[in-house]
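Here this note's numbering is used: the first residue of the sequence shown is 4, the next is one more, and so on.
By construction, the Cβ of each residue, glycine as well, lies at the ideal position given by its N, Cα and C atoms.
The block underneath contains the structure these notes are about, expressed in structure tokens.
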Amino acid sequence: MSHLAQQAAANLVQSVDWLAIAPPTLAAVVALVVLVADLFVGEAGKPLLGWVSVAGLAASAALLLPLLDGDRSTFCLKDGAGACSYTADRFTLVIQFLVLGGALLSALLSVTALKDADRRLPEGEYWFLLLSSAAGAALLPASRDLATLVVALEVASLPAFALVGIRHGDKKSSEAALKFFLSSVTATAVSLLGISFVYASTGTLYLTQVAGRIQHVDGQLHTLAQTGVVLTLVGFAFKTAAVPFHFWVPDTYVGAPLPIAAYLSVVGKAVGFSGLILVTVVAFPSYADVWGPALAALAALTMTVGNVGALRQQATRAYSAVRLLAWSSVGQAGYLLVPIAAAAYSDDAEHSVGSTLAYALMYAAVNLGAFAVAALVGRTRSANRITDYRGLYASNPLAALLLAFFLLCLAGLPPGVIGLFAKVTVFSAAVDAGLGWLAVVMAVNVVIALFYYLQWTALLFRAPEGEPVSHRLPAPLTAAVTLTGVVGIALSGAPQLVLRFADTTLF
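Structure follows, in structure tokens:
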């Protein structure tokens, strides 16, 4: 008996690969440091917490470099099954780069936003929540068992609820946080029920073992396994803001501080999509006939509703610029779903997933850039209407040119070459998988999106009404706008840097 106990204990003893888990771990450690430091730092020293957070996120992103030389896994079973809870492979590193880069740019926007808020936002709590959410988001793509996946998802989501509603006494902010919280908690409850069904029918939580065992489930448990697969997918569809689970997006983006809306539009999506890819392609490949058609229908519905919603925004309505970006991000989620759906029909699922990653990287850079310019305009025009951008070129030529470039990238028009190439990559993934009808739906949606992106772009160069308002550029905001601009222009000049992900083995 003692020998068996020793064997069981040996199975539980783990040798931790600290380098593999370093990026999310450092973000979590810096979050705790900032929270504790906030107790001892006076009002005059609060801005320092922001720069410590920015440095922490930059260091976390830098820790991805030593991991490029090969796949690393840790927290693995000792019985030779080869199942691990944490894997730092190519897929993980791409998503972690996207998440930590997105969080870093959102942090740069936040430095200016907190200064402008003039102590109406609690700085210590703000930075702690942002870093905690980034740590969870960076952990998620590396998760290779369903329990770690859910924990990472919640660590990324829970601080985000608080960040949306962090403005004290702001009714709009509180309402946005409540909508976001209720929809997200429902999604988590549904996916947890699904995961418990999958565990009951397979006896394991490790994704690779689930993939093998779910094909050979006893006849009595077959319905349980099928229900588990469907419920797990529904939970992740909520997180990606796919229609019909998108209703929280516009109000949440408007109610949240603008840097948090930017963070949710990029990092929140990366979390949902990486979870969805792991669950479908890695854990449930044998159920491709279930999730393939479901995701294809969701993709078509999401891009259509998102683009029509953006098209209906009235330029003179308060917060119409942020609402347009919110509806546009729902439409972009539809494009991101296309290659994942195509993976079900394709012989080369990894190539299809690569198309989603290529598109996500393009979208992250240019969408954060658009939000950065929106944050700049929002400093003088707090209502952030689309009409407030009229004549921006007269008062701030660089910001106007960069916003025009970002919008053209999102529309997929030159000179936004990277946007065009990313859309072509997604098109080809759909066509190669035999989903011609989905490619047609996407083509129609791209045309719809052209209308509202070009309308906004044209407004930037019209003659301003009255005196042009000069927009003073603080250093952090300048850095965020410049960084996204440089990345977008560099990728348009050399799109192969991103498109390479569509042609490499990811898992």
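In the DSSP assignment, find the unbroken beta strand (DSSP E) run with residue i in it and report its ends.
{"i": "Thr77", "result": "75 to 79"}
So, with DSSP's three-state summary, where would you put residue i?
{"i": "Ala91", "result": "strand"}
{"i": "Asp435", "result": "helix"}
{"i": "Asp391", "result": "helix"}
{"i": "Tyr396", "result": "helix"}
{"i": "Asp72", "result": "helix"}
{"i": "Ser2", "result": "Because the chain in this structure spans residues 4 to 510, residue 2 falls outside the shown range and cannot be described."}
{"i": "Leu480", "result": "helix"}
{"i": "Asp511", "result": "Any property of residue 511 remains undetermined from this structure, which presents the chain solely from 4 to 510."}
{"i": "Gln317", "result": "coil"}
{"i": "Gly197", "result": "helix"}
{"i": "Phe248", "result": "coil"}
{"i": "Val44", "result": "coil"}
{"i": "Asp119", "result": "helix"}
{"i": "Trp21", "result": "coil"}
{"i": "Ser204", "result": "helix"}
{"i": "Met4", "result": "Confidence at Met4 is low in this model, with a pLDDT of 48, below 50, so the placement of that residue should be treated as unreliable; the coordinate-derived value is given next. Coil."}
{"i": "His171", "result": "coil"}
{"i": "Arg503", "result": "helix"}
{"i": "Leu60", "result": "helix"}
{"i": "Pro27", "result": "helix"}
{"i": "Val2", "result": "Only positions 4 to 510 of the chain appear in the structure, and residue 2 is not among them; the question remains open."}
{"i": "Ser385", "result": "coil"}
For residue i, which option in the options has the closest C-alpha, if you only look at C-alpha atoms?
{"i": "Val449", "options": "Ala461, Gly309, Arg170", "result": "Gly309"}
{"i": "Lys182", "options": "Phe430, Phe131, Phe164", "result": "Phe164"}
{"i": "Val380", "options": "Ala363, Tyr366, Thr428, Ala324", "result": "Ala324"}
{"i": "Ala141", "options": "Leu112, Thr235, Ala30, Ile217", "result": "Ala30"}
{"i": "Ala273", "options": "Pro144, Ser349, Val188, Tyr209", "result": "Pro144"}
{"i": "Leu101", "options": "Lys175, Gly275, Gly258", "result": "Gly275"}
{"i": "Ala91", "options": "Pro69, Leu112, Leu111, Gly104", "result": "Pro69"}
{"i": "Leu411", "options": "Leu453, Asp391, Thr428", "result": "Leu453"}
{"i": "Ala347", "options": "Ala402, Arg326, Val282, Ala403", "result": "Val282"}
{"i": "Ala23", "options": "Thr77, Val44, Ser56", "result": "Thr77"}
{"i": "Thr191", "options": "Gly222, Ala155, His225", "result": "Ala155"}
{"i": "Gln458", "options": "Glu468, Pro477, Ala414, Ala478", "result": "Ala414"}
{"i": "Ala436", "options": "Val57, Ser349, Gly271", "result": "Ser349"}
{"i": "Leu133", "options": "Val37, Phe374, Val341, Gly222", "result": "Val37"}
{"i": "Ser160", "options": "Ala150, Ser136, Gly172", "result": "Ser136"}
{"i": "Leu195", "options": "Thr235, Trp294, Leu462, Thr95", "result": "Thr235"}
{"i": "Phe200", "options": "Ser186, Gly215, Ala228", "result": "Ala228"}
{"i": "Ala483", "options": "Gly496, Pro418, Phe374, Thr383", "result": "Phe374"}
{"i": "Trp130", "options": "Leu42, Ser56, Leu327, Gly271", "result": "Ser56"}
{"i": "Trp54", "options": "Thr485, Ala478, Gly496", "result": "Ala478"}
{"i": "Thr189", "options": "Val237, Pro417, Thr230, Thr226", "result": "Val237"}
Provide the residue span of the alpha helix (DSSP H) that contains residue i, from first to last.
{"i": "Thr283", "result": "Premise fails: Thr283 is in no alpha helix (DSSP H) and is neither H nor E."}
{"i": "Glu468", "result": "Segment: none, Glu468 is in no alpha helix (DSSP H) and carries neither H nor E."}
{"i": "Phe241", "result": "225 to 242"}
{"i": "Ser289", "result": "No alpha helix (DSSP H) contains Ser289, which DSSP labels as neither H nor E."}
{"i": "Tyr348", "result": "323 to 348"}
{"i": "Ser358", "result": "352 to 381"}
{"i": "Pro262", "result": "261 to 266"}
{"i": "Arg216", "result": "210 to 216"}
{"i": "Ala497", "result": "First-last for Ala497: undefined, no H or E at that position."}
{"i": "Pro418", "result": "Looking at the DSSP string, Pro418 is not in any alpha helix (DSSP H), and its letter there is neither H nor E."}
Using a Cβ-Cβ cut-off of 7 Å (strictly less than) and excluding sequence neighbours within five positions of residue i, which residues of its own chain qualify?
{"i": "Pro498", "result": "Val420, Ile421, Phe424"}
{"i": "Arg465", "result": "Arg393, Gly394"}
{"i": "Thr319", "result": "Arg388, Thr390"}
{"i": "Gly278", "result": "Leu143, Leu152, Leu156, Phe239, Lys242"}
{"i": "Ala61", "result": "Leu107"}
Less than 6 Å between C-beta atoms, sequence neighbours within five positions excluded: which residues of the same chain meet that for residue i?
{"i": "Asp148", "result": "Ser88, Leu208, Tyr209"}
{"i": "Ala368", "result": "Thr487, Val490, Gly491"}
{"i": "Phe287", "result": "Val232"}
{"i": "Ser268", "result": "Ser332, Asn370"}
{"i": "Ala329", "result": "Val252, Pro253, Tyr256"}
{"i": "Leu462", "result": "Tyr392, Arg393"}
{"i": "Arg75", "result": "Asp20, Ala23, Ala91"}
{"i": "Met4", "result": "Residue placement at Met4 cannot be trusted, given a pLDDT of 48 that sits under 50; what the coordinates show is reported in the next sentence. The answer is none, since no qualifying residue turns up."}
{"i": "Pro262", "result": "Ser109, Leu112, Ser113, Ala116"}
The ligand ZN and residue i: does the residue's C-beta get closer than 7 Å to at least one heavy atom of that ligand?
{"i": "Lys81", "result": "Within the structure as shown, the ligand ZN is missing, as the structure has no ligands at all."}
Who are the near neighbours of residue i in its chain, counting only those whose CB is closer than 8 Å to its CB and skipping five residues on each side?
{"i": "Val501", "result": "Ala361, Leu364, Met365, Ile421, Phe424, Ala425, Leu494"}
{"i": "Gly104", "result": "Ala64, Ala367"}
Report task. May I ask you to verify whether the stretch 121 to 134 touches the stretch 43 to 57, counting CB pairs closer than 8 Å and requiring at least 3? Result -> yes
Query raised in the report: Between the stretch 333 to 345 and the stretch 288 to 307, are three or more C-beta pairs nearer than 8 Å?
Result: yes
Query raised in the report: Between the stretch 241 to 249 and the stretch 166 to 183, do three or more beta carbon pairs fall short of 8 Å?
Result: no
Query raised in the report: Contact between the stretch 176 to 194 and the stretch 107 to 115: three or more CB pairs below 8 Å?
Result: no
Query raised in the report: Taking contact to mean at least 3 C-beta pairs separated by less than 8 Å, is the stretch 200 to 207 in contact with the stretch 246 to 255?
Result: no
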